[in-house]
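Here the UniProt record's numbering is used: the first residue of the sequence shown is 1, the next is one more, and so on. Take a look at the structure below.
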Amino acid sequence: MAALPAFSDSSMFPPGAPVRVRAARIRDWSRLQGLIAELFPDVESATIGHWLCDERHKLAVAFNESGLVGLVRLQVHPGERVTEVSALGVLPAARGQGVARSLMNYCEEVACACGAPSLELELPAEAHDTQAFFEHLGYVTQMRKGRETQLGSVRWVRRAPVPTWPDWELRREHAPRVPPATLQRLAMRALYGAWIGSARAN
């Protein structure tokens with residue numbers, strides 16, 4: 001597949017405009033590949049391809065007049081009412097400008113819109129600066145039964161305040177996707193049920 005043409009959101013920004021956050025889009029493909037590779041060098045290229053092709057609904061990006069400057073990967077678990085943040089990264093040149101905070105605020109909005117307002121994430125036990133950042137945002141450490149924590153990591157949680165009017169567009173962008181195979185089975189069952197009903201009527 002040919003790479004998509006480069007696209008820049010910078011035209012929407014006057015100089016000095018604040019950072020914005022939105023769901024990742026197909027047109028971000030080429031820039032996201034480079035961004036993920038730079039922020040998470042340990043992530044294999046096959047995994048990056050999986051994120052972009054099959055799990056784009058789990059990605060949100062931050063951008064300013066320079067283009068993409070950060071991303072977050074989140075997974076909504078509506079049955080558990082939990083939204084899990086599994087990756088957060090900001091380019092070095094954009095750090096200290098509120099990008100990470102904007103990304104996490106966006107995660108809270110998504111979590112509330114999807115009915116999973118409890119946010120969870122894991123941090124390395126030795127990442128004291130990062131832990132201080134999340135503690136400042138209101139996260140606390142917690143042991144959770146039924147959910148494993150990696151060795152050497154600490155689980156942090158926060159329950160986002162639910163707004164009066166959640167942004168339902170975020171739910172459309174980031175709600176869990178039903179795998180195609182499951183959709184096919186449901187469609188076949190519906191067709192079979194309709195056929196049985198018709199046969200009995202005759």
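All residues carry an ideal CB built from backbone N, CA and C; glycine is no exception.
According to the DSSP secondary-structure assignment, histidine 77 is paired through a beta bridge with Val82. Residue range 118 to 124 is occupied by the beta strand (DSSP E) that includes leucine 121. With three or more CB-CB distances shorter than 8 Å, the region 98 to 117 counts as touching the region 160 to 175. Here DSSP, grouped into helix, strand and coil, assigns serine 153 to strand. For leucine 35, the closest C-alpha among the options Thr83, Gly152, Leu88 and Glu65 is that of Leu88.
If you look at leucine 91, you'll find it isn't in any alpha helix (DSSP H); DSSP assigns it neither H nor E. Annotated as distal: cysteine 107 and leucine 137, with beta-carbon spacing of 8 Å or more. By the Cβ rule, the region 39 to 50 does not count as touching the region 124 to 135, because fewer than three pairs are nearer than 8 Å. In terms of CA proximity to glutamate 65, Ala93 leads the group Val85, Ala93 and Val162. In the DSSP annotation of this structure, the continuous segment of the beta strand (DSSP E) that includes valine 61 starts and ends at 59 to 64. DSSP places alanine 24 outside any beta strand (DSSP E), giving it a letter other than H or E.
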